[in-house]
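The block underneath contains the structure these notes are about, expressed in structure tokens.
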Amino acid sequence: MLKGLIFDLDGVLTNSARFHLTAWNNLAKELGINLTSEQLDSLRGISRMDSLNLILKYGGQENKYSEKEKEQFAAEKNKKFLEQVETMTPKDILPGISELLADAKKQNLKMDIASASKNAPRILKKLGIMDEFDGIVDPNTLHHGKPDPEIYEKAQELLGFKTDEVISFEDAAAGVQSIKAAGQFAVGIGDKNVLKGADYVVPTTADLKLSKIEQVFNQK
Numbered sequence: 224m225l226k227g228l229i230f231d232l233d234g235v236l237t238n239s240a241r242f243h244l245t246a247w248n249n250l251a252k253e254l255g256i257n258l259t260s261e262q263l264d265s266l267r268g269i270s271r272m273d274s275l276n277l278i279l280k281y282g283g284q285e286n287k288y289s290e291k292e293k294e295q296f297a298a299e300k301n302k303k304f305l306e307q308v309e310t311m312t313p314k315d316i317l318p319g320i321s322e323l324l325a326d327a328k329k330q331n332l333k334m335d336i337a338s339a340s341k342n343a344p345r346i347l348k349k350l351g352i353m354d355e356f357d358g359i360v361d362p363n364t365l366h367h368g369k370p371d372p373e374i375y376e377k378a379q380e381l382l383g384f385k386t387d388e389v390i391s392f393e394d395a396a397a398g399v400q401s402i403k404a405a406g407q408f409a410v411g412i413g414d415k416n417v418l419k420g421a422d423y424v425v426p427t428t429a430d431l432k433l434s435k436i437e438q439v440f441n442q443k
């Protein structure tokens, strides 16, 4: 029986993912690294330091910088990202999400956030939906990033439910892998070929209908 919903943030509730990717792309260029669109896309859904290390790997610069220098790069990227976050309003909630959250509330489903972003609380406040959620996984408590299942296991633990009582939402392949490794039902938002590991895939958030998702969930 469905009791809870777990959401990634960037690219699922709002398109703050574009701010992340722009900030990372600009940092990469400053380091003399030109990322392909595929390489840039691979940064979706993974933690700040994992993203930076991947960029350095793409540029053949894995061993060029100290940990302190890497932390400075990550802080610089985050500063640029937060400048963009400050411009966000409830209008930046993706299509279909407000209706999905309202339908979940009507069914008394609990909801929480499983995002690698340390800025999740700030973003949710800017969007005006902070009070919709029963909890947010603190990325600082995690030992492993997506696609490891830890973040979704913690999100489920926060809600106090079993694996077959929750549905989790993601727009990134690494996130879907994380959900499935945690033993949960995965809803993917985006390209069905990229998100082929998900149990149910829709092209955009506007296509998310709780009744339809529950129908597929109950058949599993």
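If you read the sequence shown in the working numbering, its first letter stands for residue 224, the second for the next number, and so on. The beta carbon of each residue, even a glycine, is placed where N, CA and C say it ideally should be.
So what does DSSP say about Y375, is it helix, strand or coil?
Numbered from 1 along the sequence shown, position 152 holds the residue referred to as residue 375. Looking at Y375 - three-state DSSP - the assignment turns out to be helix.
Could you spell out where the beta strand (DSSP E) holding I316 opens and where it closes?
Locating residue 316 in the sequence shown gives position 93, where the first residue counts as 1. Premise fails: I316 is in no beta strand (DSSP E) and is neither H nor E.
Under three-state DSSP, which class holds L275?
In the sequence shown, the residue the question calls residue 275 occupies position 52. Correct three-state label for L275: helix.
Is the CB-CB distance between L305 and L236 below 8 angstroms?
What you label residue 305 is simply residue 82 of the sequence shown in a count that begins at 1. What you label residue 236 is simply residue 13 of the sequence shown in a count that begins at 1. With respect to the 8 angstroms criterion, L305 and L236 are not classified as neighbours on the basis of their beta carbons.
When we look at the beta-carbon of V439 and count the other beta-carbons within 10 Å, is it buried (16 or more) or exposed?
By one-based count along the sequence shown, residue 439 stands at place 216. It counts as exposed.
Put A395 into one of helix, strand or coil per three-state DSSP.
The residue given as residue 395 occupies position 172 in the sequence shown. A395 falls in the coil class under three-state DSSP.
Beta-carbon within less than 6 angstroms of L282's beta-carbon, same chain only, minus the 5 sequence neighbours each way: which residues are those?
Locating residue 282 in the sequence shown gives position 59, where the first residue counts as 1. Sequence inspection shows Gly at residue 282; the Leu mentioned does not correspond to that position. For G282, where only same-chain residues beyond five positions count, the Cβ hits under 6 angstroms are I256.
V308 in three-state terms, based on DSSP
Looking up residue 308 in the sequence shown gives position 85. Here V308 sits in helix by DSSP.
I believe L324 touches E355 by the beta-carbon criterion, under 8 angstroms. Please report the beta-carbon distance rounded to the nearest angstrom.
As a first step, residue 324 is located in the sequence shown; it is residue number 101 there, counting from the start. As a first step, residue 355 is located in the sequence shown; it is residue number 132 there, counting from the start. L324 to E355, Cβ: 5 angstroms. Contact.
Are M311 and L228 closer than 8 angstroms when you measure CB to CB?
Within the sequence shown, numbered from 1, the residue matching residue 311 stands at position 88. Within the sequence shown, numbered from 1, the residue matching residue 228 stands at position 5. No.
Among S289, K280, E299 and K226, nearest to L258 - alpha-carbon criterion
Reading the sequence shown from its first residue, position 35 is the one you call residue 258. Considering only alpha carbons, the answer is K280.
Quick check on A327: does DSSP put it in helix, strand or coil?
As a first step, residue 327 is located in the sequence shown; it is residue number 104 there, counting from the start. A327 falls in the helix class under three-state DSSP.
Helix, strand or coil at T259 according to DSSP, with G and I counted as helix:
In the sequence shown, residue 259 corresponds to position 36, counting from 1. DSSP, reduced to helix, strand and coil, places T259 outside both helices and strands of the structure shown, so it counts as coil.
Taking the C-alpha atoms as reference points, what is the distance between H366 and P372?
Along the sequence shown, one-based indexing puts residue 366 at 143. Along the sequence shown, one-based indexing puts residue 372 at 149. Spanning the two alpha carbons is a distance of roughly 11 angstroms.
Between the region 394-402 and the region 418-437, can you find at least three pairs of beta-carbon atoms closer than 8 angstroms?
Pairwise C-beta distances place the region 418-437 in contact with the region 394-402, as three or more of them are shorter than 8 angstroms.
Find out if the Cβ-Cβ distance for the pair V389, K226 is shorter than 8 angstroms.
As a first step, residue 389 must be located in the sequence shown, where it is residue number 166. As a first step, residue 226 must be located in the sequence shown, where it is residue number 3. Cβ distance < 8 angstroms, so V389 and K226 count as in contact.
C-alpha distance - K341 paired with G358, whole-angstrom precision
Your numbering for residue 341 matches position 118 in the sequence shown. Your numbering for residue 358 matches position 135 in the sequence shown. The straight-line gap from Cα to Cα measures roughly 14 angstroms.
Backbone CA spacing between K348 and A240 [nearest angstrom]:
Sequence index remark: in the sequence shown, residue 348 carries index 125 (1-based). Sequence index remark: in the sequence shown, residue 240 carries index 17 (1-based). So the two alpha carbons sit approximately 17 angstroms from each other.
Under 8 angstroms between C-beta atoms of S270 and G398:
As a working mapping, residue 270 is identified with position 47 in the sequence shown. As a working mapping, residue 398 is identified with position 175 in the sequence shown. Contact flag unset, no.
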